[in-house]
Structure formats: structure tokens, C-alpha cells
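Under my numbering, the sequence shown has 548 at position 58, and the numbering climbs by one with no breaks.
All residues carry an ideal CB built from backbone N, CA and C; glycine is no exception.
The model shown is predicted, which means the values in this text are computed figures rather than measured ones.
Working notes, structure below.
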Amino acid sequence: MRLFWDRGYDGTSFDDLISAMGISASSFYNAFGSKEALYHEAIEVYMAVAGGWFLAVLNEDADTRTVFHDLITTAATEFTRDDLPAGCMVSTAATQCSPAQARLRELLASQRTQSERVMGARLRKGVEAGDLPATTDVEALAAFYSSLLRGMAVQARDGTPRERLLEIARIGMQAWPAA
491 MRLFWDRGYD GTSFDDLISA MGISASSFYN AFGSKEALYH EAIEVYMAVA
541 GGWFLAVLNE DADTRTVFHD LITTAATEFT RDDLPAGCMV STAATQCSPA
591 QARLRELLAS QRTQSERVMG ARLRKGVEAG DLPATTDVEA LAAFYSSLLR
641 GMAVQARDGT PRERLLEIAR IGMQAWPAA
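What follows is the structure in C-alpha cells.
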């Protein structure tokens, strides 16, 4: 997972993978079948482990504004951890790839779309609870915060420090709909 996260699918060679895992080529193929199959597994592990904070924050028992504030400030921290590659593996992966890798691009686009849907569901819950005005365009607001998170992931990948990402998050909360 870390190799793919750090180098991307195309930037991670077969030799890199077997070296990092300390296994032979035949063991690799017996265990995973292909580099692409391993990549799919790495994305699943990322979503469950490294990306688990995302769902945990969205499921906080708090008002919707607090949840989204916590979401983007937690992202600033998670995207700049010293013990993991910078940014978000899903946000920055496979946005451009060869036609042969279209399945990977579609997989990651689907993951990004699903994350936005989950944010939309939390926003709808906020409308129902009265945390957001009934006139809130939930889909647009979810797309805005999804875009903000992806942008922060790219900024982190480019070396932007956590303090700057937290400032971006603060400014991003200024877009929150007035009650």
C-alpha cells in the first residue's frame, strides 16, 4: 500500500513490490495474481485503515458544521503525517493514466464519487436535523468539500505544511451556509 501510495501505480515496478515484500516473483503471482490485483487490495486496505478516519469523523455525534470542520481539519493532520506518504492515496491516484489502465482510473474515480456521496448523506442528515437550511444544495456543498479535500491532498503531496492546510480548512469553513 505504501509503495503504491507514494509512487502511484505506474511508478511502482514489479521489482519494487517483490523487494518490499521480500518474496519471489512466483510467490507474488501465486499470492496476488497480478500487479493490478494487488493494487485493488492496496486500495481496499487504504480505505479501511489509512482512510478510516474519514468515515469515523463523518459519523461523529455532533452538529453538521462541527462534523465538517472536524473533517477538513483532521484531513490536514492525516495528509501530513510523518509516518505515512503525504496526501490521500485515492485523491491523488490515477487521475491521469494510460488507456491500458482505464480500469484503475474508473476504480479510483468511483472511490472519490463514493466519498462525495457519503458527505452528501451526512449533509442531508444535517438538513433533516435543522443544522442546515432546507434550501441547501446538498450535492453542490458535498462537491465543494470533496474538492477542498482533494485539493488539500494535492497540496500536502506537494509539501505544503500542516499549518497552511489548517488555514485552508479555516477559509473553507467560511463557505458554510448561513442558518
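For residue 613, tell me which candidate among 602, 627 and 603 has the shortest Cα-Cα distance. Walking along the sequence shown from the start, residue 613 turns up at place 123. Nearest of 602, 627 and 603 to residue 613, Cα basis: 627.
For residue 645, count neighbouring C-beta atoms within 10 Å of its own C-beta (all shown protein chains included) and say buried if the count is 16 or more, exposed if not. Here the question's residue 645 lines up with position 155 in the sequence shown. Counting Cβ neighbours within 10 Å, residue 645 comes out buried, since at least 16 surround it.
Under 7 Å Cβ to Cβ from residue 498, same chain only, skipping five residues before and after it: list those, please. Mapped onto the sequence shown, residue 498 falls at position 8. Closer than 7 Å at the Cβ level, and outside the excluded window around residue 498, lie 583.
Just to confirm before moving on: does the CB-CB distance between residue 471 and residue 576 stay below 9 Å? Shown here, the chain extends from 491 to 669; a query on residue 471 therefore has no answer.
Compute the distance between the beta-carbons of residue 548 and residue 557, then report whether it is under 9 Å. The residue labelled residue 548 in the question sits at position 58 within the sequence shown. The residue labelled residue 557 in the question sits at position 67 within the sequence shown. Going by C-beta atoms, residue 548 is nearer than 9 Å to residue 557.
Find the nearest neighbour of residue 501 within the set 588, 624, 621 and 635, judged by alpha-carbon distance. Counting from one through the sequence shown, the residue named residue 501 turns up at place 11. It is 588.
Neighbour-count burial assignment, residue 602, 16 or more Cβ in a 10 Å radius: Taking the first residue of the sequence shown as 1, we reach residue 602 at position 112. The residue in question, residue 602, is buried, as its Cβ has 16 or more Cβ neighbours within 10 Å.
Given this structure, state the Cα-to-Cα distance separating residue 496 from residue 511, to the nearest angstrom. Here residue 496 refers to the residue found at position 6 when the sequence shown is read from its first residue. Here residue 511 refers to the residue found at position 21 when the sequence shown is read from its first residue. Rounded to whole angstroms, residue 496 to residue 511 spans 15 Å at the Cα level.
Helix, strand or coil for residue 593, going by three-state DSSP, please let me know. The count along the sequence shown starts at 1 and reaches residue 593 at position 103. Three-state result, residue 593: helix.
Which residues in the same chain have their Cβ closer than 8 Å to the Cβ of residue 536, if we skip the five residues on either side of it in sequence? Numbered from its first residue, the sequence shown carries residue 536 at position 46. Within the same chain, residue 536 has close Cβ partners 491, 495, 579 and 580.
Give me the residue from 504, 606 and 591 with the minimum Cα distance to residue 544. The residue labelled residue 544 in the question sits at position 54 within the sequence shown. If we check each option's Cα against that of residue 544, 606 comes out closest.
Leaving aside the five residues before and after residue 631 along the sequence, list all residues of the same chain whose C-beta is less than 6 Å from its C-beta, in chain order. Taking the first residue of the sequence shown as 1, we reach residue 631 at position 141. 613.
Leaving out five residues on either side along the sequence, give the residues of the same chain with a beta carbon under 8 Å from the beta carbon of residue 635. Counted from its first residue, the sequence shown places residue 635 at position 145. For residue 635, where only same-chain residues beyond five positions count, the Cβ hits under 8 Å are 558, 561, 562, 609 and 662.
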